[in-house]
Every structure is written in C-alpha cells, then in structure tokens.
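Taking my numbering, the leading residue of the sequence shown gets 3, the next gets one more, and so forth. Every residue, glycine too, gets a C-beta built ideally from N, C-alpha and C.
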Amino acid sequence: MKNLDEIFLKIKDVLEKHSNDFYTTDRYIDSKAKDQKPAYHVYGNKEVSLFGKDPQRTYIAGVIQQKNYVSFYFSPIYSHPDDFQNISPDLDKFLKGKSCFNINNLNPSLLKEIESLLLKGIEKYKNIEWI
C-alpha cells in the first residue's frame, strides 16, 4: 500500500483499537504548530514526573500524515531501546531518529508488527507505572 491516506488510516485504526483506556487527541498536547495535519496521538491518563520534569501525561504513540510519508511516533523505543531491538529490517528501514518511523509503503506484515510494538510498549509503560 503506497497511498498515504490509506497508510495513515490503517495505522490510526491500530492506535484507536488499543487506546480505549488512554487519553487521545488529534494534536500534540501544547502544540504551537500553525498547520494542522491529519494526526492521532495516544497518552497515558495519569500524570507522572519523568526525568525531573513537571508531572504530565506520558506520550505513548502517534501518527501524523506528512507530505511524502506517514510518521509513526513510538516513545517506548526511545525510552527503552533495549526492549525493542528485534524490529524487522523492513520496519527498521523506516526508523528516522530515535522514535519516529517515516512510512511511505505499508503491507499487512508491517502493520501487524506496528500493532505488536504498540502492545509491547503499552505493557512496558504499565509495568513501570508510567501510564
């Protein structure tokens, strides 16, 4: 699948499917961005203090449709990289930076892996009481 609208909706569907217990929004909390692109973000419901910062909701994951790709943001891979070293080469090639996957082609296998990562990340954050 190469249509960005479809890719965005498929990843958003996965996030929505697993976000019933969480806070969701179509913009980053406190975003100052003037342009609003199609987006969906998932946060924990409780406020916790991480890394000496003021208590706030923990960002779990999100998806934003960009001009040439769809960005899938996944915070657990940044905060706990050792727990997410076994991602497939097919998904790893889309990883840009530490927690953002810029996806321009999606197949059922990659979508299933994204869902698996999301579930593992949610479980990790629950276990350490970040969400």
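Q.
Which residues does DSSP list as the beta-bridge partners of Gly64?
A. His43 and Tyr75
Q. For Gln58, which beta-bridge partners are listed by DSSP?
A. DSSP lists Val50 as partners of Gln58.
Q | Asn88: first and last residue of the uninterrupted beta strand (DSSP E) it sits in | A | Boundaries cannot be given for Asn88, as no beta strand (DSSP E) includes it and DSSP labels it neither H nor E.
Q: Compare the C-beta of Asp56 with all C-beta atoms of chain D and state if any pair is closer than 8 Å.
A: Absence of chain D from the displayed structure is noted, only one protein chain being present.
Q | Proximal residues to Ile13 (C-beta, below 8 Å), its chain only, five neighbours per side dropped | A | Val65, Val72, Phe74, Ile105, Leu108, Leu113 and Ile116
**Q.** Residue of Glu125, Leu17, Ser90 and Lys128 minimising C-alpha distance to Ser111
**A.** Of Glu125, Leu17, Ser90 and Lys128, the residue nearest in Cα terms is Ser90.
Q.
Measuring straight from C-alpha to C-alpha, what distance separates Pro83 and Ser101?
A. 9 Å
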